[in-house]
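Once you know that position 132 of the sequence shown is 115 in our numbering, the rest is easy, because the numbers rise by one and skip nothing. Worksheet: the structure to be examined is printed underneath.
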Amino acid sequence: MLQPVTIDILRTNLIEHPAVQAWNKLNPEPVEPEDVETLERKIQSALYRLAGVGPQGSAIIDKRCLTATALTEYTIYQEILPTLPMPALHCYGSVEDRNPQFCWLFLEDAGKEPYSPELAEHRALAARWLGLLHTSAERLAASAALPDRGPHHYLIQLRLARESIWHNLANPALRADDLAALNKIVSRCHFLESNWGDVEKLCVGLPRTFVHGELEEKNIRVRKIGAGIALLPFDWETAGWGVPAADLVKCPDTALYWSTVQEHWPNLRREDIERMVDIGIMFQSLAALHWEALTLEYPWVELPMSKLRHLNNRLADSIQALGVS
């Protein structure tokens, strides 16, 4: 079970904190939170929890991210999630950062109760939620505003991964066995690109709908509502419109998912679900290869190389399972 991680908590001089200043752009009178909790800090994104500044003294989440990412997430929170028949987090607004490449999103705090697939109740909840998401969103009027998350998107990820590997092959921190492993990944990318038509054919006839794209445990919380519980996914920055393959990789009960979507998609077979899982493993592996390959420009390559080897093995297994040749 993944627990929410706090990097640090600040309790003094908060009015000058960038997250507080951004939030106060939405408020006629400046407010100072009880504390500012740093949840994540990366080169292109950061997450903060501001205690006591939301409705009825609740906390809010301030997310600083690239403007393109913020626009996608803002559209999803404002135009898509409110139209779907399940609970969703509220977005309080968005403002530009001092750096025009970045924006701030202000989100309802999902709480600290993690989603745990080890629990039968959570597994059933997640499978039904995913089926309801995919079927209820299929005819969304706002779908045209969503990024493509079909096969072409992941072909782009393949090419970006290969380009990043090529760009970083001269890193002196890479050993001979690292270079051999990277060349194997490049060769596999060449092979898959030359047979991408087979991947596209595998997606023909499968439903296209709204997909989250990164349903990791870290991106989901659970909240008690009345006598039941609700699933509250967040981090919709990779969401878009496409075959729901990547989402199904993390579906904890594909049989229950299938029974949930049967009324809406009566022609979808169990074997189609299993095929989408294998396609999703391929798609997710390509996207992860891209992001891990970017880190090869730094001198600390041991961890990214370990991840890249693992991803290459997953990619090879998915290619074999799908019969791409």
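Cβ coordinates follow ideal geometry from the N, Cα and C atoms, glycine included.
- For tryptophan 224, the three-state secondary structure derived from DSSP is strand.
- In the DSSP assignment, the residues bridged to phenylalanine 193 are Trp224.
- Segment contact: the stretch 113 to 131 against the stretch 244 to 253, three or more CB-CB distances shorter than 8 Å; contact assigned.
- Per DSSP, arginine -6 is not a residue of any beta strand (DSSP E), being assigned neither H nor E.
- By the beta-carbon neighbour count (other beta carbons within 10 angstroms, threshold 16), serine 268 is buried.
- With a cutoff of 7 Å on beta-carbon distance, leucine 198 and leucine 72 are scored as not near each other.
- Considered as a whole, the stretch 236 to 260 harbours 237 to 244 as its complete alpha helix (DSSP H) runs of no fewer than 4 residues, in chain order.
- Isoleucine -8 sits away from glutamate 17, with the two beta carbons spaced by 7 Å or more.
- By the criterion of at least three beta-carbon pairs nearer than 8 Å, the stretch 182 to 197 is in contact with the stretch 225 to 238.
- Under DSSP, the beta-bridge partners assigned to arginine 32 are Glu20, Ile44.
- With a contact defined as Cβ atoms closer than 8 Å, tryptophan 224 and aspartate 131 qualify at about 6 Å.
- When the Cα atoms are used, lysine 95 and aspartate 45 turn out to be separated by approximately 16 Å.
- Threonine 192 is not a Cβ neighbour of glutamate 146, given a cutoff of 7 Å.
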